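For reference, the structure discussed in these notes is given below.
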Ligand SMILES: C[S@@+](CC[C@H](N)C(=O)[O-])C[C@H]1O[C@@H](n2cnc3c(N)ncnc32)[C@H](O)[C@@H]1O
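Numbering (this note's numbering), first residue to last: 250 to 517.
Okay, structure coming up:
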């Protein structure tokens with residue numbers, strides 16, 4: 250339960266949003282590639298750190314046989330509300346610590362998006378993803394990269410260390426909102442002019458497809474958490490190589506939007 254403060258902070262983010270997913274279906278697909286519908290169809294799927302079920306809501310469209318989402322925070326309230334509105338019946342949202350979670354029956358697919366970098370010990374989340382995947386099944390993770398995030402690490406992260414200690418509404422409305430507005434202007438400016446050498450250019454191209462509310466959601470998500478780590482390529486390579494259950498012939502690592510890593514593989 251060492252991540253309980255992080256989970257409680259995120260619940261303030263997730264439980265104060267309008268209903269439904271915060272992501273578009275395109276974003277969902279982008280986060281999961283190279284996994285696609287055929288990897289989920291008729292499969293038993295687990296999400297570690299499901300937040301308000303924004304990804305699970307879209308995952309229903311890939312027609313899994315069963316969806317399970319776990320989260321340590323009270324975001325399970327909005328997760329249940331959002332899932333109940335999809336009409337998909339075979340789902341379960343559980344309150345649990347993902348680092349300790351070991352399902353009685355392992356899953357065909359286990360994923361964790363945007364979570365491991367918030368854990369006190371990120372490798373425990375990776376190990377849990379592998380441990381909860383059945384033999385021949387797939388695991389898939391996405392984390393903030395150390396590479397390409399200099400601006401965030403040197404400018405935003407020091408602000409986060411202070412802002413995350415404030416009441417959530419001060420953080421959201423007096424810090425995240427003006428900061429996200431400045432970044433909104435910066436991102437649209439560099440993308441419109443094609444200034445590709447500027448920091449966060451590729452990421453800005455991605456996020457500029459969304460409106461200001463999404464910018465603010467991402468900024469608040471960054472600033473609300475007491476714990477963030479930026480994970481480099483070598484660390485992920487080591488996680489994949491050191492876990493004896495991971496099939497070394499089936500792993501992948503993809504640098505996404507110039508500042509994050511998608512990685513995964515199959516369990517032997
Ligand atoms: C940035 S959110 C990502 C939510 C979701 N995966 C998404 O992409 O929309 C991180 C989530 O991980 C949860 N979390 C953090 N540490 C956890 C832990 N040890 N066990 C379970 N959930 C945890 C937080 O409560 C939060 O909802």
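No residue lacks a Cβ here, since even glycine has one placed at the ideal position from N, Cα and C.
Since the model is a prediction, treat every value here as computed from it, not as a measurement.
Three-way DSSP call (helix, strand, coil) for residue i in this model
i: residue 331; result: helix
i: residue 501; result: strand
i: residue 356; result: strand
i: residue 409; result: helix
i: residue 198; result: Beyond the ends of the chain as shown, which are 250 and 517, falls residue 198; an answer cannot be given.
i: residue 415; result: coil
i: residue 271; result: coil
i: residue 460; result: coil
i: residue 384; result: strand
i: residue 377; result: helix
i: residue 370; result: coil
i: residue 486; result: helix
i: residue 399; result: helix
Cβ separation of residue i and residue j, assumed to be a contact under 8 angstroms, to the nearest whole Å
i: residue 312; j: residue 291; result: 7 angstroms
i: residue 387; j: residue 297; result: At roughly 14 angstroms, the Cβ-Cβ gap does not stay under 8 angstroms, so residue 387 and residue 297 are not in contact.
i: residue 381; j: residue 304; result: Between residue 304 and residue 381 the Cβ distance is about 16 angstroms, and since that is not below 8 angstroms, they are no contact.
i: residue 331; j: residue 269; result: 6 angstroms
i: residue 262; j: residue 469; result: 6 angstroms
For residue j and residue i, the rounded distance between their alpha carbons
i: residue 426; j: residue 464; result: 9 angstroms
i: residue 273; j: residue 308; result: 12 angstroms
i: residue 281; j: residue 411; result: 33 angstroms
i: residue 436; j: residue 353; result: 46 angstroms
i: residue 260; j: residue 385; result: 34 angstroms
i: residue 523; j: residue 264; result: The structure shown does not extend to residue 523, since the chain is modelled only from 250 to 517, so the question has no answer here.
i: residue 491; j: residue 483; result: 12 angstroms
i: residue 256; j: residue 321; result: 6 angstroms
i: residue 476; j: residue 333; result: 30 angstroms
i: residue 498; j: residue 422; result: 47 angstroms
i: residue 467; j: residue 433; result: 11 angstroms
i: residue 457; j: residue 449; result: 12 angstroms
i: residue 509; j: residue 392; result: 6 angstroms
i: residue 447; j: residue 407; result: 21 angstroms
Bridge partner(s) assigned by DSSP for residue i
i: residue 511; result: 391, 503
i: residue 344; result: 320
i: residue 362; result: 391
i: residue 474; result: The partner list for residue 474 (beta bridge, DSSP) is empty, contrary to what the question assumes.
i: residue 439; result: In DSSP, residue 439 forms no bridge with anything.
i: residue 266; result: Residue 266 pairs with nothing; no bridge assigned.
i: residue 304; result: According to DSSP, which records beta bridges pairwise, residue 304 is partnered with nothing at all.
i: residue 297; result: 319
i: residue 193; result: Residue 193 lies beyond the residue range present for the chain, which begins at 250 and ends at 517; the question has no answer from this structure.
i: residue 516; result: 495
Neighbour flag for residue i against chain B, beta carbons, 8 angstroms
i: residue 405; result: Checking the listed chains, one finds no chain B in this structure; it contains a single protein chain.
Any non-hydrogen atom of ligand 2 closer than 7 angstroms to residue i Cβ
i: residue 469; result: Questions concerning ligand 2 fall outside what the structure shown contains, since the ligands it does hold are ligand 1.
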